[in-house]
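Taken in sequence, the protein lines are chains A and B.
Residue 418 is where the first sequence ends in the numbering used here, and the numbering goes up by one at each step.
Residue 836 is where the second sequence ends in the numbering used here, and the numbering goes up by one at each step.
C-beta atoms are modelled at their ideal positions from N, C-alpha and C, and glycine is treated no differently.
Here the structure is a predicted model, which means the values were calculated and not measured.
2 protein chains.
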Amino acid sequence: MEYRQLSPETVPGFLKDISSVQQIFSDLDDLEVEEVGDGNLNFVYKVRQRKNPEQTVVIKQAVPFLRIVGESWPLSRTRMNFEIQALEHHTKYCPQHVPEIFYSSTDMSLVVMQNLNRHAVLRGEMILGKIFPKLAEHISSFLANTLFPTTDWCLTGGEKKAMVDRFINPELCKITEDFVLTNPYEDHETNVYHDEVTQADKDYLQQDSQLKVAVAEMKYAFMNHSEALLHGDLHIGSIMANEEETYVIDPEFAFFGPIGFDVGAFIGNLFLAYYAHEVRQKMLGREPFEYRNWILRTAEETWNQFQAKFEVNWVAHEQDAPSSYWNYQEGHIGFALQRQRFLRHIFEDTIGFAACKMMRRIYGLAKVADIAEIPDLKARLEVERNVMRMAKVMVQQRSSFRSIEELSALAQEISPLR
Amino acid sequence: MEYRQLSPETVPGFLKDISSVQQIFSDLDDLEVEEVGDGNLNFVYKVRQRKNPEQTVVIKQAVPFLRIVGESWPLSRTRMNFEIQALEHHTKYCPQHVPEIFYSSTDMSLVVMQNLNRHAVLRGEMILGKIFPKLAEHISSFLANTLFPTTDWCLTGGEKKAMVDRFINPELCKITEDFVLTNPYEDHETNVYHDEVTQADKDYLQQDSQLKVAVAEMKYAFMNHSEALLHGDLHIGSIMANEEETYVIDPEFAFFGPIGFDVGAFIGNLFLAYYAHEVRQKMLGREPFEYRNWILRTAEETWNQFQAKFEVNWVAHEQDAPSSYWNYQEGHIGFALQRQRFLRHIFEDTIGFAACKMMRRIYGLAKVADIAEIPDLKARLEVERNVMRMAKVMVQQRSSFRSIEELSALAQEISPLR
Numbered sequence: 001m002e003y004r005q006l007s008p009e010t011v012p013g014f015l016k017d018i019s020s021v022q023q024i025f026s027d028l029d030d031l032e033v034e035e036v037g038d039g040n041l042n043f044v045y046k047v048r049q050r051k052n053p054e055q056t057v058v059i060k061q062a063v064p065f066l067r068i069v070g071e072s073w074p075l076s077r078t079r080m081n082f083e084i085q086a087l088e089h090h091t092k093y094c095p096q097h098v099p100e101i102f103y104s105s106t107d108m109s110l111v112v113m114q115n116l117n118r119h120a121v122l123r124g125e126m127i128l129g130k131i132f133p134k135l136a137e138h139i140s141s142f143l144a145n146t147l148f149p150t151t152d153w154c155l156t157g158g159e160k161k162a163m164v165d166r167f168i169n170p171e172l173c174k175i176t177e178d179f180v181l182t183n184p185y186e187d188h189e190t191n192v193y194h195d196e197v198t199q200a201d202k203d204y205l206q207q208d209s210q211l212k213v214a215v216a217e218m219k220y221a222f223m224n225h226s227e228a229l230l231h232g233d234l235h236i237g238s239i240m241a242n243e244e245e246t247y248v249i250d251p252e253f254a255f256f257g258p259i260g261f262d263v264g265a266f267i268g269n270l271f272l273a274y275y276a277h278e279v280r281q282k283m284l285g286r287e288p289f290e291y292r293n294w295i296l297r298t299a300e301e302t303w304n305q306f307q308a309k310f311e312v313n314w315v316a317h318e319q320d321a322p323s324s325y326w327n328y329q330e331g332h333i334g335f336a337l338q339r340q341r342f343l344r345h346i347f348e349d350t351i352g353f354a355a356c357k358m359m360r361r362i363y364g365l366a367k368v369a370d371i372a373e374i375p376d377l378k379a380r381l382e383v384e385r386n387v388m389r390m391a392k393v394m395v396q397q398r399s400s401f402r403s404i405e406e407l408s409a410l411a412q413e414i415s416p417l418r
Numbered sequence: 419m420e421y422r423q424l425s426p427e428t429v430p431g432f433l434k435d436i437s438s439v440q441q442i443f444s445d446l447d448d449l450e451v452e453e454v455g456d457g458n459l460n461f462v463y464k465v466r467q468r469k470n471p472e473q474t475v476v477i478k479q480a481v482p483f484l485r486i487v488g489e490s491w492p493l494s495r496t497r498m499n500f501e502i503q504a505l506e507h508h509t510k511y512c513p514q515h516v517p518e519i520f521y522s523s524t525d526m527s528l529v530v531m532q533n534l535n536r537h538a539v540l541r542g543e544m545i546l547g548k549i550f551p552k553l554a555e556h557i558s559s560f561l562a563n564t565l566f567p568t569t570d571w572c573l574t575g576g577e578k579k580a581m582v583d584r585f586i587n588p589e590l591c592k593i594t595e596d597f598v599l600t601n602p603y604e605d606h607e608t609n610v611y612h613d614e615v616t617q618a619d620k621d622y623l624q625q626d627s628q629l630k631v632a633v634a635e636m637k638y639a640f641m642n643h644s645e646a647l648l649h650g651d652l653h654i655g656s657i658m659a660n661e662e663e664t665y666v667i668d669p670e671f672a673f674f675g676p677i678g679f680d681v682g683a684f685i686g687n688l689f690l691a692y693y694a695h696e697v698r699q700k701m702l703g704r705e706p707f708e709y710r711n712w713i714l715r716t717a718e719e720t721w722n723q724f725q726a727k728f729e730v731n732w733v734a735h736e737q738d739a740p741s742s743y744w745n746y747q748e749g750h751i752g753f754a755l756q757r758q759r760f761l762r763h764i765f766e767d768t769i770g771f772a773a774c775k776m777m778r779r780i781y782g783l784a785k786v787a788d789i790a791e792i793p794d795l796k797a798r799l800e801v802e803r804n805v806m807r808m809a810k811v812m813v814q815q816r817s818s819f820r821s822i823e824e825l826s827a828l829a830q831e832i833s834p835l836r
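Laid out in structure tokens, this is it:
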């Protein structure tokens with residue numbers, strides 16, 4: 001099939017020929033198409049049957065340029081190949097938290113999938129102060145169940161290297177390398193500052209040698225440590241949820257990288273929301289305590305449950321296929337020590353990457369609406385300074401935190417719950 | 419060209435058609451071919467013109483099986499592609515320590531190169547107690563000059579990832595993963611023990627949980643940290659030298675891995691020689707002091723010079739292409755701190771990998787003649803136990819050594835110079 005860019009007009013004709021789609025719609029001549037892509041990279045269409053709107057799919061198609069800029073910024077469509085491969089992996093290991101895929105085509109750089117029409121993007125919902133009681137449970141499962149199977153603990157060396165090869169994803173990794181792990185920490189033209197930001201604020205990030213070395217070490221880990229197949233962009237805008245269900249979408253940044261990058265992306269976004277809601281809860285006419293307390297408990301539970309589930313997966317794998325390496329009298333002690341030390345390493349990476357994800361959302365190009373859409377710039381600046389204070393301690397002292405509770409205690413020290 | 423396995427009889431006919439070889443020999447009808455491959459994997463032919471034996475080349479050809487075992491152990495000829503690519507890289511960045519390449523063919527899985535006929539394999543020479551006064555200077559240059567250019571400090575993300583892709587080398591990595599980093603530390607059928615080895619000796623390695631976790635961490639680093647293009651097998655049998663010149667050969671294990679693996683391979687082999695020469699110097703009728711002192715000083719100088727040269731390369735690269743990341747008043751302090759912390763990390767990896775290289779040569783499949791050919795088994799066992807004592811401290815406490823001199827002090831503590 002030759003690539004062509006779809007439009008609302010051409011979508012119905014395209015879908016008509018796909019047998020797996022024919023089974024979803026009772027009448028393929030009665031489709032309604034809405035272009036809803038609010039992302040920076042791709043086009044997204046919601047398709048419904050007019051008379052039976054519960055018959056619905058979503059189409060996501062990549063175009064060969066950066067959508068937010070236009071055709072002047074070329075970006076290879078191959079990003080959709082990574083998304084398709086990653087969705088297949090996520091579906092295999094954690095189907096309950098991945099939208100159902102009905103059809104995909106690397107030629108057309110598109111995927112036809114479940115329309116998550118009873119769910120909303122988590123970031124928007126959290127800005128509105130909605131609580132998701134199962135979020136930590138679900139995301140910790142997604143992380144433990146998608147990450148563990150692609151580590152060297154699980155795959156053979158040959159299997160792992162073949163997968164690493166298939167997921168070498170230089171274009172989208174470069175976006176992270178530049179916009180998350182480099183530009184915000186230097187005087188760079190892509191950074192965006194609002195009017196209240198002072199030179200001292202910028203220097204706090206850009207002229208602190210200790211901080212910059214710590215960030216450079218996280219960047220080095222991102223570029224060198226091919227531990228597992230990551231989602232690669234697991235912020236709260238890549239999650240759609242309601243009170244009962246949670247779905248992870250948009251894995252086009254997938255590549256083999258450090259496990260803590262995925263875990264840290266999510267937890268860093270929770271801390272961003274925590275600081276934002278010192279202001280936002282007041283904007284919503286509420287006392288800040290309850291919601292922000294939920295956010296911190298969610299961060300804690302996500303890490304603690306992730307750690308426990310990752311270890312459960314590891315122990316189960318060892319029971320299924322016992323390693324002769326641990327086959328001696330005290331071998332279980334060695335294996336337990338190995339797990340403990342490895343999870344300790346993931347914890348340090350998680351803290352370091354969470355901090356980078358937080359900092360880049362303050363002074364980098366891409367902001368988070370949680371904070372950037374606080375209308376009172378002075379209030380926004382206070383939130384941003386709190387984020388920076390916390391992130392700086394996190395990345396520099398990432399090896400001295402002993403538990404996730406110490407992190408949420410730090411968050412509360414910087415911005416008390418009440 | 420279709421692959422065919424050469425023999426001493428077919429070599430002259432093969433060479434005749436290669437224009438770069440035609441320029442070496444004044445008479446292509448008068449060649450003498452000697453099969454000299456003493457390696458485990460490949461066939462090696464020395465070719466000389468009978469009347470002008472200074473007109474000479476070496477041919478190394480891979481066969482599609484493990485030569486030491488035979489056709490029953492298939493091993494893909496693609497290993498020669500890695501060797502050819504790595505030789506090109508080494509020639510580009512450090513020609514003075516790489517044999518000259520006259521011709522290579524991935525179809526034929528062979529390379530025609532300089533015959534190092536005024537040089538000998540370093541291991542054999544060191545067994546005989548020969549001193550190589552320029553060894554540390556040359557190998558530290560080889561390491562610093564071949565490793566730095568393929569790090570993320572030097573390449574762009576895209577360039578690095580493309581190279582990583584070309585050097586995914588699962589077959590030969592698996593040999594290291596199994597025979598260096600797994601089997602020796604468990605009760606494995608491929609391990610080889612001589613008659614004096616006791617169960618307690620085996621348990622010392624195979625039932626020490628702390629040791630095994632430390633080794634597993636080195637294996638994890640080997641499998642996950644794609645820091646630079648490594649030689650991959652830099653023991654003293656992969657080096658040919660005389661008093662003036664040093665050449666590094668046989669880079670078929672090349673892949674993107676942790677820098678400390680190459681540095682540690684060489685330094686670990688020096689420590690093996692140090693312990694071997696407690697016995698060997700007596701066998702040679704000498705006092706152990708001078709030669710063993712030279713070995714330790716060579717280990718120290720190799721690390722110290724490597725560290726200094728790596729940093730010189732890094733600073734020079736930064737001066738050529740200044741990074742805006744360090745472009746602020748105190749930026750030079752940040753950059754210096756980054757180098758210091760990075761080299762500290764390489765040092766810890768070097769110690770850990772050196773220890774694994776030492777241990778596997780005692781109880782694994784492949785021995786080193788330095789120790790394994792000591793005829794008195796009781797004396798050999800004492801040497802082996804000393805190696806094990808040192809290696810265990812090294813790998814477990816790799817993060818607490820502050821200098822290479824502390825390592826050589828430990829070596830002397832375990833086996834005093836006199």
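Anticipated Cβ contact below 8 Å, residue i with residue j, distance rounded
i        : j        : result
B:Arg468 : B:Glu450 : 5 Å
B:Phe707 : B:Leu835 : 5 Å
Three-way DSSP call (helix, strand, coil) for residue i in this model
i        : result
A:Ser7   : coil
A:Ser109 : coil
A:Thr156 : coil
A:Gln207 : coil
A:Val164 : helix
B:Glu474 : Looking at the sequence provided, one finds Thr at residue 474 of chain B rather than Glu. B:Thr474 falls in the strand class under three-state DSSP.
A:Pro133 : coil
A:Ala366 : coil
B:Phe819 : coil
A:Phe255 : strand
B:Val439 : helix
B:Arg495 : coil
B:Leu433 : helix
A:Ala321 : coil
Assigned exposure category for residue i - 16 Cβ within 10 Å defines buried
i        : result
B:Ile486 : exposed
B:Ala809 : buried
B:Ser644 : buried
B:Glu696 : buried
A:Asp152 : buried
B:Val579 : According to the sequence shown, residue 579 of chain B is Lys rather than Val. By the 10 Å Cβ count, B:Lys579 comes out buried.
B:Arg715 : exposed
B:Leu590 : buried
Proximal residues of chain A, C-beta to C-beta of residue i below 8 Å
i        : result
B:His606 : Ser324
B:Cys591 : Gly157, Lys161
B:Val631 : Gly334, Leu337, Gln338, Arg341
B:Val582 : Ile168
For residue i, the residue or residues it bridges with in DSSP
i        : result
A:Asn42  : A:Ala62
B:Ile657 : B:Val666
A:Val121 : A:Met240
B:Ile519 : B:Met531
B:Gln747 : Answer is none; B:Gln747 lacks a bridge partner.
Per-residue contacts from residue i into chain A (C-beta, under 7 Å)
i        : result
B:Glu748 : Gln207, Ser209
B:Ala634 : Gln338
B:Tyr638 : Asp152
Proximal chain B residues relative to residue i, where beta-carbon distance stays under 9 Å
i        : result
A:Met388 : Here the premise fails: no neighbours, minimum Cβ distance about 17 Å.
A:Tyr193 : Ordered by position in chain B, no residue passes the 9 Å Cβ test against A:Tyr193, which lies about 17 Å from the chain.
Interface residues of chain B facing residue i [CB-CB closer than 8 Å]
i        : result
A:Thr182 : Tyr743
A:Glu177 : Gly575
Residues that residue i contacts on chain B, provided the C-beta gap is smaller than 7 Å
i        : result
A:His225 : Asn642, His643
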